[in-house]
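Undergrad: Starting off with a structure, shown below.
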Amino acid sequence: MSAAEPAAKLAAEVAARVREGEEGVALLRSSGLLAATVPAHLGGPGWAPSEIAQALRILATADGSLAQIPQSHFVFSRWLFSQQPQRQELWARRLLAGELIANAQAEPQGPVLAHEGRLDGTKHFCTGSLHADYLAITARRPGEEAPSLGIFLPVSAPGIEIRDDWHALGQRATGSGTVVLADAPFSPADAYSFPQALALPGYGAFAQLLHTAIDVGLLSAALDETFARLRGGEHDALTFHLAGELQSRRYAAEAVLEKAGSGVDKLWAGELGAAEAALGVAAAKTLVSEVSVEVASRTYELLGARAAAANDGHDRYWRDLRTHTLHERRREKLAHLGRAYVTGQAPELGPQL
Numbered sequence: 001m002s003a004a005e006p007a008a009k010l011a012a013e014v015a016a017r018v019r020e021g022e023e024g025v026a027l028l029r030s031s032g033l034l035a036a037t038v039p040a041h042l043g044g045p046g047w048a049p050s051e052i053a054q055a056l057r058i059l060a061t062a063d064g065s066l067a068q069i070p071q072s073h074f075v076f077s078r079w080l081f082s083q084q085p086q087r088q089e090l091w092a093r094r095l096l097a098g099e100l101i102a103n104a105q106a107e108p109q110g111p112v113l114a115h116e117g118r119l120d121g122t123k124h125f126c127t128g129s130l131h132a133d134y135l136a137i138t139a140r141r142p143g144e145e146a147p148s149l150g151i152f153l154p155v156s157a158p159g160i161e162i163r164d165d166w167h168a169l170g171q172r173a174t175g176s177g178t179v180v181l182a183d184a185p186f187s188p189a190d191a192y193s194f195p196q197a198l199a200l201p202g203y204g205a206f207a208q209l210l211h212t213a214i215d216v217g218l219l220s221a222a223l224d225e226t227f228a229r230l231r232g233g234e235h236d237a238l239t240f241h242l243a244g245e246l247q248s249r250r251y252a253a254e255a256v257l258e259k260a261g262s263g264v265d266k267l268w269a270g271e272l273g274a275a276e277a278a279l280g281v282a283a284a285k286t287l288v289s290e291v292s293v294e295v296a297s298r299t300y301e302l303l304g305a306r307a308a309a310a311n312d313g314h315d316r317y318w319r320d321l322r323t324h325t326l327h328e329r330r331r332e333k334l335a336h337l338g339r340a341y342v343t344g345q346a347p348e349l350g351p352q353l
């Protein structure tokens, strides 16, 4: 079974039963998608990166927040099957049972420190944390300039407080709370090497591929809803011209996502270099980030003023896209692309590339 099958089933259930929130997360848990990265030899589906990306694209057509929640789950769960062999079967069972890992990475107000088996500090924008079973917390030891550890703890562990304080323009139901760590204990078995994780083939490229897929899904949903609302009416040639223009943007976005996904598949299979795959994803991500926001905005030119009513709901696509595409600075990724191709030198790879 491909990843697209459970994703399509889940998207249909979400569209029919819930717009956003905890019920959608329950459907996500029961869909089987959270086991996407579990290797086949541990009972998992063994899906390729492009399959996981297409699953998120499909899910995003139904709910942009719900599609965002497992993005970091898929990225962090790769750590669990690349280190600590003695714990891999345990984690496979957890993910096959539908347990969810949320990220705890961003620290704009200072680092989280790991000292003598305790964690202290604050993490912000922790996507999915309000719905999660486990947190993947990046931390550094005293004196280190960058995180060296990824520590996996249950959300109910002592010393962990999750605040429901995500109030955003879009993707409002991602459960992206603030995580406060106060003398939170952890054991050596909970700790994984962050540098080893970053060295996994296509670590950043895989993460960015999934972000790209979410944007493509939201773009497609905005356009599908627009065309459905126009269907059956009388329209002039200018309307058809704009509809065709926006559809061509969708075609391009879907095509670059597919090509970028193929590159990451080949990287994982050892058939393509890491830099080439990463640059392919970067090109796709920068294009889709621009095109998706543009398309979602211009659908209003087709629908007219009635779509701008506060209770219309069409704005959720643009709001979700505008929020999601701010995860990183697009101009920085474009600079990496340009520098690599002009100089012929491979870029330095990391979480964003």
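Once you know that position 155 of the sequence shown is 155 in full-length UniProt numbering, the rest is easy, because the numbers rise by one and skip nothing. Ideal Cβ positions, reconstructed from N, Cα and C, are used throughout, including at glycine.
Going by alpha carbons, who is nearest to cysteine 14 out of Ser2, Leu28, Ala4 and His241?
TA: First, the amino acid is wrong: residue 14 is valine here, not cysteine. Measuring from the Cα of valine 14, the nearest candidate turns out to be Leu28.
Undergrad: Would you identify the three-state DSSP class for leucine 181, choosing helix, strand or coil?
TA: Looking at leucine 181 - three-state DSSP - the assignment turns out to be strand.
Undergrad: What are the start and end residues of each continuous alpha helix (DSSP H) run of 4 or more residues lying completely inside the stretch 287–312, in chain order?
TA: Counting only runs of 4 or more, we get nothing.
Undergrad: Tell me, to the nearest whole angstrom, how far the beta carbon of alanine 260 is from that of leucine 209; I am working on the premise that it is less than 8 Å.
TA: Alanine 260 to leucine 209, Cβ: 6 Å. Contact.
Undergrad: Just to confirm my understanding: we take alanine 4, look at its own chain, exclude 5 residues before and 5 after, and list those with CB closer than 8 Å. What are they?
TA: Contacts found: Glu51, Gln54, Ala55 and Ile58.
Undergrad: Between the stretch 68–81 and the stretch 89–109, do three or more beta carbon pairs fall short of 8 Å?
TA: Touching, yes.
Undergrad: For alanine 48, which residues of its own chain have a beta-carbon under 6 Å away from its beta-carbon, when the five flanking residues on both sides are left out?
TA: Contacts found: Asp265.
Undergrad: Could you check if proline 185 is buried or exposed, using at least 16 other CB atoms within 10 Å of its CB as the buried criterion?
TA: Exposed: under 16 other Cβ atoms inside 10 Å.
Undergrad: One question on the structure: do alanine 182 and glycine 159 come within less than 7 Å of each other, judged by their Cβ atoms?
TA: Cβ atoms of alanine 182 and glycine 159: closer than 7 Å.
Undergrad: According to DSSP, is alanine 346 helix, strand or coil?
TA: Three-state DSSP puts alanine 346 in coil, outside helix and strand.
Undergrad: What residue from Gly46, Arg78, Ser187 and Phe152 has the CA that sits closest to glutamate 116's CA?
TA: Cα-wise, what sits closest to glutamate 116 is Ser187.
Undergrad: The beta strand (DSSP E) spanning aspartate 315 covers which residue range?
TA: Premise fails: aspartate 315 lies in the alpha helix (DSSP H), 315–324, not in any beta strand (DSSP E).
Undergrad: Can you tell me the Cα-Cα spacing of valine 38 and serine 77, whole angstroms?
TA: C-alpha separation (whole angstroms): 8 Å.
Undergrad: Just to confirm my understanding: we take alanine 340, look at its own chain, exclude 5 residues before and 5 after, and list those with CB closer than 7 Å. What are they?
TA: Excluding residues within five positions, the ones whose Cβ falls inside 7 Å are Leu279, Ala346 and Pro347.
Undergrad: Considering just the uninterrupted stretch of the alpha helix (DSSP H) at proline 154, what are its terminal residues?
TA: Run containing proline 154: none in the alpha helix (DSSP H); it sits in the beta strand (DSSP E), 149–154.
Undergrad: Buried or exposed: which applies to valine 342, given that a residue is buried once 16 or more other Cβ atoms fall within 10 Å of its Cβ?
TA: When all chains shown are included, valine 342 counts as exposed.
Undergrad: For valine 179 versus serine 129, is the C-beta spacing smaller than 7 Å?
TA: Against a cut-off of 7 Å, the Cβ pair of serine 129 and valine 179 comes out as a contact.
Undergrad: How should glutamine 235 be labelled, buried or exposed, when 16 other C-beta atoms within 10 angstroms of its C-beta is the threshold for buried?
TA: Looking at the sequence shown, residue 235 is not glutamine but histidine. With fewer than 16 Cβ atoms within 10 Å of its Cβ, histidine 235 is classed as exposed.
Undergrad: Buried or exposed for glutamine 86, please, with buried defined as at least 16 other CB atoms from any protein chain shown within 10 angstroms of its CB.
TA: Flag for glutamine 86 reads exposed.
Undergrad: For a test of the three-state rule: what should DSSP assign to threonine 226, helix, strand or coil?
TA: Threonine 226: helix per DSSP, three-state reduction.
Undergrad: I need the DSSP call for threonine 239, collapsed to helix, strand or coil.
TA: Of the three classes helix, strand and coil, the one that applies to threonine 239 here is helix, per DSSP.
Undergrad: Have a look at residue 364 and arginine 172 and give me their C-alpha separation to the nearest angstrom.
TA: A question about residue 364 goes unanswered here, because the residues of the chain that appear run from 1 up to 353.
Undergrad: If the criterion is Cβ atoms closer than 7 Å, does the pair tyrosine 192 and glutamine 83 meet it?
TA: In contact: tyrosine 192 and glutamine 83 (Cβ atoms closer than 7 Å).
Undergrad: Figure out for me which residue from Leu113, Tyr134, Asp120 and Ile162 has the closest Cα to the Cα of glycine 143.
TA: The shortest C-alpha separation from glycine 143 is found at Leu113.
Undergrad: Measure the CB-CB distance between tyrosine 300 and leucine 218 and report whether it falls below 7 Å.
TA: Going by C-beta atoms, tyrosine 300 is not nearer than 7 Å to leucine 218.
Undergrad: Can you tell me where the alpha helix (DSSP H) holding threonine 61 begins and where it ends?
TA: Looking at the DSSP string, the run of the alpha helix (DSSP H) that includes threonine 61 is 49–62.
Undergrad: Is threonine 212 helix, strand or coil when you go by DSSP?
TA: It is helical.
Undergrad: Along the beta strand (DSSP E) that carries arginine 29, what are the first and last residues, could you check?
TA: Run containing arginine 29: none in the beta strand (DSSP E); it sits in the alpha helix (DSSP H), 22–31.
Undergrad: Can you give me the start and stop residues for the alpha helix (DSSP H) that alanine 136 sits inside?
TA: Where alanine 136 is concerned, there is no enclosing alpha helix (DSSP H), although the beta strand (DSSP E) it sits in stretches over 134–139.
Undergrad: Give the C-beta separation of leucine 10 and leucine 34 to the nearest angstrom, bearing in mind that I take them to be a contact with Cβ-Cβ under 8 Å.
TA: So it is not a contact: roughly 11 Å between Cβ atoms.
Undergrad: Among all the DSSP beta bridges, which residues are the ones paired with isoleucine 160?
TA: DSSP output for isoleucine 160 lists Leu181 as bridge partner(s).
Undergrad: Kindly list the residues whose CB is nearer than 7 Å to the CB of alanine 274, restricted to its own chain and excluding five residues on each side of it in sequence; keep chain order.
TA: Closer than 7 Å at Cβ, skipping near neighbours: Pro201, Gly202, Leu267 and Leu349.
Undergrad: Assign glycine 175 to buried or exposed, taking buried as 16 or more other Cβ atoms, counted over all protein chains shown, within 10 Å of its Cβ.
TA: It is buried - the Cβ of glycine 175 has at least 16 other Cβ atoms within 10 Å.
Undergrad: On the three-state DSSP scale, how would you describe aspartate 165?
TA: Reduced to three states, the DSSP call for aspartate 165 is coil.
Undergrad: By Cβ distance below 6 Å, which residues in the same chain neighbour arginine 249 in space, the five residues on each side in sequence not counted?
TA: Correct list, in chain order: Val291 and Val295.
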